[in-house]
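For the sequence shown, my numbering begins at 70 and goes up steadily by one. Where a beta carbon is used, it is the ideal one built from N, C-alpha and C, also for glycine. Predicted, not measured: the structure shown is a model, and the values here were computed from it. Below: one structure, written as structure tokens.
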Amino acid sequence: MSEAEYPAEREPEQPRPSAAVTPADTADAARLVAFGLQPKLLPARDAEYAELIRRHREDPAFARLADAVAAGLGLVVLEVSPRAGMAVAAAEDSVFAVRMGDYSRRAASDSTDRFLHGLAHLAVAAMAFPRPADLADDGYIGRITVNGVDAFVRQACRRLEERAEETGENTDPATDAPGLEAAWRVYARRSATGATKDARRLAGSTTGIVGKAVGFLVDSGFLQRTGDESGGTYRTTARYQLQVRDLAGSAAMAELLELGVVPVGDGSATLLPPDAAADLDLVADAGLPFHS
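Put into structure tokens, the structure is as follows:
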């Protein structure tokens with residue numbers, strides 16, 4: 070057989086080189102992350118932001134680059150979408166981390182007040198998204214009021230007090246003990262509004278503490294103020310829903326929702342009898358934010 074009759078050996082195919090990442094691509098990726106660090110900015114309000122969001126969703130190479138930039142800055146990408154923008158959360162060691170403990174120390178110098186600020190944040194989350202279906206539904210918008218959150222917590226306090234009386238438990242445990250069982254005693258004893266000559270609520274009152282908590286959430290892009298009724302009315306944002314999904318599995322959140330205190334959509338609260346079949350035992354050592 071002549072040489073011409075043998076099939077020519079084919080060179081193995083070399084993988085095609087991927088498109089080189091340009092400085093412009095890196096700049097665009099960093100720009101997208103920078104947009105994500107502006108919690109109140111939404112893609113619908115900025116054409117450049119919207120275009121970068123579209124590119125992230127349609128161009129896998131660009132998405133990997135932007136995610137890598139975020140990771141290098143100690144940021145966790147929660148979601149990239151037109152509704153939430155580039156929603157990021159700072160890892161504990163990130164330079165962008167806003168530690169809730171730092172917030173609580175700025176909000177109150179007293180450790181007991183810091184404990185109550187943590188309870189207020191927990192209650193806002195529970196009232197904004199009281200059912201698992203609310204957290205799972207991307208289109209759900211929670212609505213709360215400052216006075217409604219305060220009423221919600223106070224009714225939870227009454228439910229806990231009733232339970233303690235029924236079981237004959239110590240009615241005055243140490244106020245620095247973890248869990249809701251100690252928190253309700255501190256909260257129930259605190260004035261709801263305090264008293265000033267010009268009718269302003271005191272910062273150390275329970276509505277003052279709730280107001281401070283929701284103000285922080287507004288500044289963080291988690292809530293939007295919608296009115297002044299009932300001490301201030303607010304609606305949730307997509308970013309807050311993503312954050313609360315992480316909180317929903319905490320023992321303290323589960324404990325609060327199991328008390329039978331069910332908030333309704335207008336931001337007020339009502340106390341319903343718990344399901345007799347439900348296990349309502351308090352979670353042992355259930356921690357609250359800002360306790361330490």
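Rounding to the nearest angstrom, what Cα-Cα distance links residue i and residue j in this structure?
i    : j    : result
Y309 : T91  : 34 Å
V215 : G301 : 6 Å
T276 : G284 : 12 Å
G211 : M196 : 8 Å
A119 : S150 : 9 Å
A89  : L292 : 41 Å
V313 : T236 : 33 Å
V157 : S274 : 33 Å
R228 : E127 : 51 Å
A233 : R258 : 16 Å
A194 : I213 : 9 Å
A93  : R223 : 55 Å
L147 : E231 : 40 Å
A192 : F221 : 8 Å
Buried or exposed for residue i, please, with buried defined as at least 16 other CB atoms from any protein chain shown within 10 angstroms of its CB.
i    : result
V164 : exposed
A307 : buried
S260 : exposed
P112 : buried
R200 : exposed
T295 : exposed
A338 : Confidence is the limiting factor: at A338 the pLDDT is only 37, short of 50, which leaves the residue's position unreliable and the question unanswerable from this model.
D219 : buried
R114 : exposed
A153 : buried
A202 : exposed
D288 : exposed
On a CA-only basis, which of the options is nearest residue i? Give me that one, please.
i    : options                : result
L134 : G105, A99, E234, G280  : A99
A137 : H186, V102, D207       : V102
A96  : H186, F131, K109, C226 : F131
E117 : F104, P129, E298       : F104
M155 : T305, K109, A189, H190 : K109
H186 : R124, L311, V279       : V279
L142 : P129, L106, A225, R124 : L106
Practice prompt. At 3 residues or longer, and completely inside the stretch 79-164: list those beta strand (DSSP E) runs for me, N to C.
Written response: 144-150, 154-159
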